[in-house]
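Which chain is which? The protein sequence lines are A and B, in order. When we follow my numbering, the leftmost residue of the first sequence carries the number 460, and every step to the right adds one. When we follow my numbering, the leftmost residue of the second sequence carries the number 343, and every step to the right adds one.
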Amino acid sequence: MTNLLDIAAVSGGYGQINVLRELSISVGEGRSVGLLGPNGHGKTTLLRTISGLQRASAGSIAFRGVDITRMSVRGIIDRGIVHIPQGCRLFPQLTVRENLVLGAYNPRARKAGVEDTLEQVYSLFPKLAQRSRQWGSTLSGGERQMVAIGMGLMAKPTLLLLDEPTLGLSPKVKEELLERIAEVRKSGVSLLLVDGDVDFVMSLTDDYYVIELGAVVRAAESSAEVERTEMMDLYFGRDDD
Amino acid sequence: MIDGLISIALSGLILGSLYSLIASGMSLIWSTLGAFNFAHGALMASGAYFVYTFAVEPLALPLWIAVPIGLVLGAAFGLLVERILFRPFISGPDGAMTVMVVTLVATSIIQNAIQLIWGPKLKQLPTLTDLRVPIGDAVLQGNQLVAIILAPLLIGLIALLLARTRVGSIVRAVEQNRELSLLMGIKPAYVYAGVVAVAAVLATVAGVLLGGIQFMTPTMGADLMIRGFMILVFGGAASLKGTLIGAYVIGLIEAASGYFFGLFWSPVILIGLIFVIMLVRPEGLIKVGARR
């Protein structure tokens, strides 16, 4: 059976600097996958390469069997891959509603009905409905993240690439976000999730990969408790190290 | 004294209207592409000459046909300028600086091309209306009247489109975060092209109005473009509201200084004022986070 996403021996990075080194991962149909590993080892670069913001210098990326390695960002979105980047994830001087509606810019999302999807996003994040006329810049960090995820959902994704959604959020807001993203998962959207919070990633994904120096050093199912402990040791170093 | 004040107010309004058309286009380009277009004055001149070709020589068509054709050609020339002078450089290293240098060089090329195509003889466009409105001792006539009415209407319309329409929110999105807008599926290159085309149309309108008030020359846009830069400094480069207010304030100051101290001193006073503003409030007198 064809995977949703197949990344085969992808290399790439910034100019002459190769961040990704023959990296291979896959996301099965209906599965969600976490990417873990130290900062600066290629997780964000991988997401940027999948969404077309950067070009792979070698290897291939296939989505449902179709090669998207050289496809434009727009072409990739049209296929259902939506990337919510790290950092500034919304347009600060647009209202919440304007931000969300722009999420549905692609023709597939518009065909699905912008207002209907907007209602779905508002029911998932009721706070956004209350703040629909507020500028993005006036929102809290958690609310901004909700807008960012809402924008991603407005695009009617099949696969959502989420980069560090909990960065800078309080534990309480993280908990709320986790519940909301779990609901998004239940709706049938697959995730490729990068986050520094290991528990957050493990709670939301079926499988995970650990990436170090641009290559996969470990892959396993997120649900295995033993694996999880070992992975955390690998991630943070053992006590006896 | 009253007549003098009326004369200053009317001159200020006329100048401010012409300046606002130029400066608003420059502001749009600056806020969206992040670069100053030094060829903006040349866009204005070329627009005026396009209209001249259809309205006077050789075609001599009625103005209601010639002006729309000239505006379309002005927009097309704007698209060409964006494709050749902006797009290849704007995303590269030091893109904004490269664009400024390239457009500065292009100004000279466009001005010489105008001279080559239309010749060195002085030319003038017919006025858009023969209407005359006496106010005190002064008389507002023809294109002066049109400029005063049309400029704020056009700029207001653009501000409304930017604030209230889907296209406007797309332009503002690209202004605020190019990469994120790309991830929404927006093509920033198309937005850039559209913005330069709209700015070129505004410059063409200014060219047509000015070309009916004074003689046309290939360098007719140079002075207005310098005023445009002053206005952007004064009003804040990213704000259409600031640009509009700045244009009228600069126009009024120029008219008043010309009246009281002579035309020779106007640029000196303006540059002195801009110098002080840059020292005291470098972001411009009207601070706006982003366009709305």
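Where a beta carbon is used, it is the ideal one built from N, C-alpha and C, also for glycine.
Range covered by the beta strand (DSSP E) that runs through residue i
i: residue 476(B); result: 474-477
i: residue 666(A); result: 666-671
i: residue 558(A); result: Premise fails: residue 558(A) lies in the alpha helix (DSSP H), 555-562, not in any beta strand (DSSP E).
i: residue 676(A); result: 674-680
i: residue 480(B); result: 480-483
i: residue 518(A); result: 515-522
i: residue 493(A); result: 492-495
i: residue 622(A); result: 618-622
i: residue 540(A); result: 540-543
Cβ separation of residue i and residue j, assumed to be a contact under 8 Å, to the nearest whole Å
i: residue 554(A); j: residue 563(A); result: No, residue 554(A) and residue 563(A) are not in contact; Cβ-Cβ is about 15 Å, not under 8 Å.
i: residue 676(A); j: residue 669(A); result: 5 Å
i: residue 550(B); j: residue 390(B); result: 6 Å
i: residue 355(B); j: residue 490(B); result: 5 Å
i: residue 614(A); j: residue 568(A); result: 5 Å
i: residue 557(A); j: residue 511(B); result: 5 Å
i: residue 363(B); j: residue 493(B); result: 5 Å
i: residue 535(A); j: residue 511(A); result: 5 Å
Spatially closest choice to residue i from the options, by CA coordinates
i: residue 539(B); options: 586(B), 595(B) and 367(B); result: 367(B)
i: residue 529(B); options: 571(A), 531(A), 645(A) and 643(A); result: 531(A)
i: residue 473(B); options: 479(B), 465(B) and 486(B); result: 486(B)
i: residue 582(A); options: 567(A), 566(A), 561(A) and 605(A); result: 605(A)
i: residue 664(A); options: 640(A), 673(A) and 608(A); result: 640(A)
i: residue 500(B); options: 594(B), 625(B), 477(B) and 585(B); result: 585(B)
i: residue 522(A); options: 540(A), 515(A), 516(A) and 512(A); result: 540(A)
i: residue 593(B); options: 365(B), 344(B), 345(B) and 477(B); result: 365(B)
i: residue 534(B); options: 432(B), 495(B), 344(B) and 385(B); result: 432(B)
i: residue 570(B); options: 381(B), 537(B) and 603(B); result: 381(B)
i: residue 508(B); options: 560(A), 479(A) and 488(A); result: 560(A)
i: residue 338(B); options: 436(B), 356(B) and 451(B); result: No answer is possible for residue 338(B): it lies beyond the span of chain B, which begins at 343 and ends at 634.
i: residue 528(A); options: 466(A), 635(A) and 682(A); result: 466(A)
i: residue 599(A); options: 627(A), 616(A), 680(A) and 494(A); result: 627(A)
i: residue 508(A); options: 588(A), 497(A), 542(A) and 570(A); result: 542(A)
i: residue 514(A); options: 470(A), 549(A) and 548(A); result: 470(A)
i: residue 410(B); options: 420(B), 393(B), 425(B) and 419(B); result: 393(B)
i: residue 558(B); options: 395(B), 495(B), 603(B) and 482(B); result: 395(B)
i: residue 478(B); options: 609(B), 351(B) and 624(B); result: 351(B)
i: residue 626(B); options: 608(B), 439(B), 604(B) and 588(B); result: 588(B)
i: residue 343(B); options: 596(B), 360(B), 601(B) and 412(B); result: 601(B)
i: residue 464(B); options: 497(B), 554(B) and 412(B); result: 554(B)
i: residue 566(B); options: 346(B), 345(B) and 384(B); result: 384(B)
Cβ neighbours of residue i in the same chain (closer than 6 Å, five flanking residues each side left out)
i: residue 611(B); result: 599
i: residue 700(A); result: Residue placement at residue 700(A) is poorly supported in this model, since its pLDDT is 45, which falls under 50; the coordinates are not used for a value here.
i: residue 349(B); result: 480
i: residue 468(A); result: 481, 483 and 518
i: residue 634(B); result: Only weak support is given to the placement of residue 634(B): the predicted model assigns it a pLDDT of 40, under 50, and the value that follows is read from those uncertain coordinates. Correct list, in chain order: 505.
i: residue 386(B); result: 545, 548, 549 and 563
i: residue 437(B); result: 431
i: residue 420(B); result: 538, 539 and 542
i: residue 516(A); result: 470 and 471
N-terminal and C-terminal residue of the alpha helix (DSSP H) that residue i is part of
i: residue 465(A); result: Careful: residue 465(A) lies outside any alpha helix (DSSP H), inside the beta strand (DSSP E) at 464-473.
i: residue 482(A); result: Not the alpha helix (DSSP H): residue 482(A) falls in the beta strand (DSSP E), residues 476-486.
i: residue 431(B); result: 429-432
i: residue 417(A); result: In the structure displayed, chain A extends from 460 to 700; residue 417(A) sits before or after that span and is not available.
i: residue 382(B); result: 382-397
i: residue 415(B); result: 405-423
i: residue 568(B); result: 562-577
i: residue 623(B); result: Premise fails: residue 623(B) is in no alpha helix (DSSP H) and is neither H nor E.
i: residue 605(B); result: Segment: none, residue 605(B) is in no alpha helix (DSSP H) and carries neither H nor E.
i: residue 438(B); result: 437-460
i: residue 540(B); result: 530-553
i: residue 511(B); result: 508-518
i: residue 600(A); result: 600-613
Cβ shell of residue i (< 7 Å), same chain only, five flanking positions each side left out
i: residue 486(A); result: 462, 463, 464, 492, 618, 649 and 651
i: residue 602(A); result: 586 and 590
i: residue 623(A); result: 545, 653, 654 and 655
i: residue 500(A); result: 670, 671, 672 and 673
i: residue 471(B); result: 484, 487 and 488
Residues of its chain near residue i, where Cβ-Cβ distance is below 8 Å and the 5 sequence neighbours each way are ignored
i: residue 632(B); result: Note that residue 632(B) scores a pLDDT of 46, beneath 50, so its modelled location is shaky; the value from the coordinates is reported in the next line. Once the five neighbours on either side are set aside, the close Cβ partners of residue 632(B) are 373, 514, 517, 518 and 580.
i: residue 678(A); result: 484, 666, 667, 668 and 669
i: residue 616(B); result: 572, 575 and 576
i: residue 371(B); result: 377, 378, 379, 382, 537, 538 and 541
Chain E contact for residue i (CB, 7 Å cutoff)
i: residue 552(B); result: Structure shown: chain E not included; protein chains present are A and B.
Contact the stretch 442-451 of chain B vs the stretch 460-472 of chain B: 3+ CB pairs below 8 Å: no
Three-pair Cβ contact test at 8 Å for the stretch 617-625 of chain B versus the stretch 570-578 of chain B: yes
Touch test, the stretch 626-637 of chain A against the stretch 560-574 of chain A, Cβ-Cβ under 8 Å, three pairs minimum: Taking a contact to require three or more Cβ pairs closer than 8 Å, the stretch 626-637 of chain A and the stretch 560-574 of chain A do not qualify as touching.
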